[in-house]
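Asker: Let me give you the structure first, and then I'll get to my questions.
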Amino acid sequence: MTGTPVALLLAVAVVGFVLAAALSAGEVAVLRVTRSRVAELEAERHRAAGRVLRLVEQPERVVAAASFVRILAETAAAVCLTLAISAAGDLSWWATALLATAACGVVAFGLVRVSPRSMGRRHPAGVLTALSGLLLAVAWLAPVVSRAQPAGEGPSEQDEDELRDMVERVSESEAIEDTEREMFRSVLELGDTLTREVMVPRTDMITTHADTPLHKALALLLRSGFSRVPVVGDSVDDLVGVLYLKDVVRRLPERGTAAAGEPDPLDAPASSLARPPVFVPESKPVDDLLRDLRDGSSHIALVVDEYGGIAGLVTIEDALEEIVGELTDEHDPSAPVVEDLGDGVYRVPARMGRDELGDLFGLEVEDEDVDTAAGLLAKAIGKVPLPGSAADVHGLHLVAERAEGRRKRLATLLVSRTPDPEADAEDARTPGRGTAARTPARGTPQVRPTSASEATR
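With this note's numbering applied, the sequence shown corresponds to residues 29 to 485, in that order.
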């Protein structure tokens with residue numbers, strides 16, 4: 029190619045790749061630098077501290093503009109390098125294309141992406157102080173880039189699958205404990221968990237009537253171990269408020285100093301001290317619930333179903349348990365024990381969570397419509413399960429065992445794996461081969477072996 033300025037094309041390519049490498053390092057650094065490190069730069073009166081502070085105030089805009097310019101620089105450098113290779117030698121078109129692709133790939137991957145990004149991750153403050161002027165100049169393009177982006181898209185919106193993969197990779201490190209790994213996953217799944225999955229259902233709520241004297245309400249609070257109790261009127265749906273133990277206790281000194289003939293402060297109705305209730309829909313994600321309870325300085329909320337009725341109640345402790353696991357104190361009853369009846373059969377509480385049930389057998393039990401073992405059985409048979417009702421669900425054989433209470437509410441179920449005809453046939457063909465005892469998955473409820481006499485009791 030006669031008259032082609034090869035030296036100029038190579039110079040432009042080098043400048044383009046260097047610019048792309050600098051911007052690549054800057055993108056990572058502006059997202060990795062901490063506020064405390066920026067404060068240290070200001071305290072040290074670093075000459076670039078002001079520029080760095082302006083960059084970290086709106087990192088998304090800086091990253092968007094830097095990414096746009098970096099792509100332009102890489103493209104221009106690749107084109108110039110291809111033209112220079114074509115003009116420098118008498119090569120066929122496919123050889124030129126192959127050589128240019130290989131050269132651009134090596135330079136772009138090794139010198140533009142990997143090394144600069146590693147530098148930005150390891151030394152974000154140093155990279156920002158060195159590139160603050162360049163990044164501020166590039167940031168002027170942020171308004172243009174934001175207008176060109178489709179609505180709802182932006183660099184700050186991480187792809188959920190990519191974020192989960194990143195957490196999985198981090199979790200593989202030996203420095204991460206099992207509990208920390210589970211906490212990472214729980215935080216990611218918090219937005220997929222609904223309030224109705226963690227609430228105390230309406231049938232398990234402990235309430236007090238609005239006309240109940242405070243001294244009786246105090247006895248209820250002390251006996252139950254709760255520090256808050258809903259105050260209701262004619263029914264649970266007629267909610268008056270929430271009675272706090274500390275509000276009732278404040279009346280005790282007044283009771284001791286009351287003059288003769290004056291009414292006892294604890295004879296007042298519970299409604300007199302009830303605080304206004306907080307209502308949340310049962311479809312609210314738990315991460316939003318936790319944020320609302322924190323911002324509203326409230327520890328308890330009443331859960332409302334789609335028809336406006338009270339579906340249950342939820343506390344900030346219920347939401348936190350989704351992250352850190354079960355929180356118990358001296359007033360909490362012990363968790364229901366799963367009983368091993370032998371031959372692969374377990375007696376489980378009717379309210380056992382579907383995920384815990386799946387973990388017990390090492391199975392994935394996915395059903396967004398129900399949350400408990402009893403719910404799985406009720407959905408499968410299409411009616412309220414009575415003792416003796418049975419169904420096969422998600423590879424499990426569920427049998428309603430015992431009901432209790434005036435309303436004959438299902439209390440326990442017998443659960444086993446659904447028989448596998450193929451496995452049974454293989455066992456029959458293989459002499460001496462039996463059914464191996466299955467070990468429950470890690471983290472499942474405590475299983476207590478049960479003798480034959482207990483099982484038939």
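Every residue, glycine too, gets a C-beta built ideally from N, C-alpha and C.
(1) Below 8 Å on the Cβ atoms is my contact criterion, and I expect residue 236 with residue 248 to pass it. Report the Cβ-Cβ distance as a whole number of Å.
(2) Taking Cβ to Cβ, would you say residue 303 is nearer than 7 Å to residue 269?
(3) Could you compute how far the alpha carbon of residue 130 sits from the alpha carbon of residue 113?
(4) Excluding sequence positions up to five away, which residues of its chain have a Cβ less than 7 Å from the Cβ of residue 135?
(5) In chain order, what residues of the same chain have a beta carbon less than 7 Å from the beta carbon of residue 379, not counting five sequence neighbours either side?
(6) Does the beta-carbon of residue 389 have 16 or more other beta-carbons within 10 angstroms, so that it is buried, or is it exposed?
(7) Can you tell me the Cβ-Cβ gap for residue 58 and residue 84, rounded? I've got them flagged as a contact below 8 Å.
(8) Distance check for residue 233 and residue 274, CA to CA, integer angstroms please.
(9) Could you tell me whether the Cβ of residue 425 comes closer than 7 Å to any Cβ of chain D?
(10) Can you tell me whether residue 328 is buried or exposed? The criterion is at least 16 other CB atoms within 10 Å of its CB, across all chains shown.
(11) Look up residue 425 in the DSSP assignment and give the residues it is bridged to.
(12) Going by DSSP in three states, residue 347 sits in which element: helix, strand or coil?
(13) How many Å lie between residue 316 and residue 414 at the Cα?
(14) Would you call the region 141–157 and the region 72–84 touching, i.e. three or more CB-CB distances under 8 Å?
(15) Could you tell me the alpha carbon to alpha carbon distance between residue 372 and residue 254, rounded to whole angstroms?
(16) When you compare each of 228, 53, 97, 246 to residue 143 by their alpha carbons, which one comes out closest?
(17) Per DSSP, residue 45 is paired with what?
(18) Alpha carbon to alpha carbon, how far is residue 71 from residue 342? Give it in angstroms, no decimals.
(19) For the alpha helix (DSSP H) containing residue 276, list its first residue and its last residue.
(20) Quick check: what's the CA-CA separation for residue 206 versus residue 409?
(21) For residue 447, which option in 169, 307, 422 has the closest C-alpha, if you only look at C-alpha atoms?
(22) Between which two residues does the beta strand (DSSP E) harbouring residue 369 extend?
(23) Secondary structure at residue 234, three-state DSSP: helix, strand or coil?
(24) Count the other CB atoms, across all protein chains shown, that sit within 10 Å of the CB of residue 459; report buried if there are 16 or more and exposed otherwise.
(25) Compute the beta-carbon to beta-carbon distance between residue 239 and residue 297, rounded to the nearest angstrom, for a pair I have assumed lies under 8 Å.
(26) Taking residue 91 as part of the alpha helix (DSSP H), name the residues at either end of that continuous run.
(27) Any idea if residue 62 is buried or exposed, counting beta-carbon neighbours within 10 angstroms, 16 or more meaning buried?
(28) Please state if the CB of residue 326 and the CB of residue 306 are separated by a distance shorter than 7 Å.
(29) If residue 257 sits next to residue 271, beta carbons under 8 Å apart, how far is it from one beta carbon to the other, in whole angstroms?
(30) Name the two residues that bound the continuous beta strand (DSSP E) containing residue 256.
(31) Please report the distance separating the alpha-carbon of residue 301 from that of residue 353.
(32) Would you mind reading off the limits of the alpha helix (DSSP H) that contains residue 137?
Answerer: Looking at the atomic coordinates:
(1) Indeed, because the Cβ distance is near 6 Å, the residues count as touching under 8 Å.
(2) The answer is yes: Cβ separation under 7 Å.
(3) Answer to the nearest angstrom: the Cα atoms are 12 Å apart.
(4) Closer than 7 Å at Cβ, skipping near neighbours: 45.
(5) So the qualifying residues of the chain are 400, 402.
(6) The residue in question, residue 389, is buried, as its Cβ has 16 or more Cβ neighbours within 10 Å.
(7) Approximately 6 Å separates the beta-carbon atoms of residue 58 and residue 84; this is inside 8 Å, confirming the contact.
(8) If I take the Cα positions, the gap works out to 20 Å.
(9) You won't find chain D in this structure, because it holds only one protein chain.
(10) Burial is judged here by how many other beta carbons sit within 10 angstroms of a residue's own beta carbon; residue 328 has at least 16 and is buried.
(11) Bridge partners of residue 425: 420, 444.
(12) For residue 347, the three-state secondary structure derived from DSSP is helix.
(13) Those two C-alpha atoms are separated by around 37 Å.
(14) They touch, by the three-pair rule.
(15) Going by C-alpha positions, residue 372 is about 38 Å away from residue 254.
(16) Looking at the Cα atoms, 53 is the closest of the given residues.
(17) Paired residue(s): none; residue 45 is not in a bridge.
(18) CA-CA distance, residue 342 to residue 71, rounds to 46 Å.
(19) Boundaries of the alpha helix (DSSP H) harbouring residue 276: 273–277, taken from the DSSP string.
(20) Those two C-alpha atoms are separated by around 38 Å.
(21) With distances taken between Cα atoms, residue 447 lies closest to 422.
(22) It spans 366–370 - the beta strand (DSSP E) in which residue 369 sits, taken as one unbroken run.
(23) Note: residue 234 maps to coil in three-state DSSP.
(24) Bear in mind that a pLDDT of 44 at residue 459, under 50, signals an unreliable position, so the number given afterwards is only what the model happens to contain. Label assigned to residue 459: exposed.
(25) About 5 Å separates the beta carbons of residue 239 and residue 297, which is inside the 8 Å limit, making them a contact pair.
(26) Unbroken alpha helix (DSSP H) run through residue 91: 87–116.
(27) Here residue 62 is exposed. Its C-beta has fewer than 16 other C-beta atoms within 10 Å.
(28) Yes; because the gap between Cβ atoms is below 7 Å, this pair is in contact.
(29) At roughly 5 Å, the Cβ-Cβ gap stays under 8 Å, so residue 257 and residue 271 are in contact.
(30) Residue 256 -> beta strand (DSSP E) spans 256–260.
(31) Taking C-alpha positions only, residue 301 is separated from residue 353 by approximately 33 Å.
(32) Taken as a continuous stretch (DSSP letters only), residue 137 belongs to no alpha helix (DSSP H), as it is neither H nor E.
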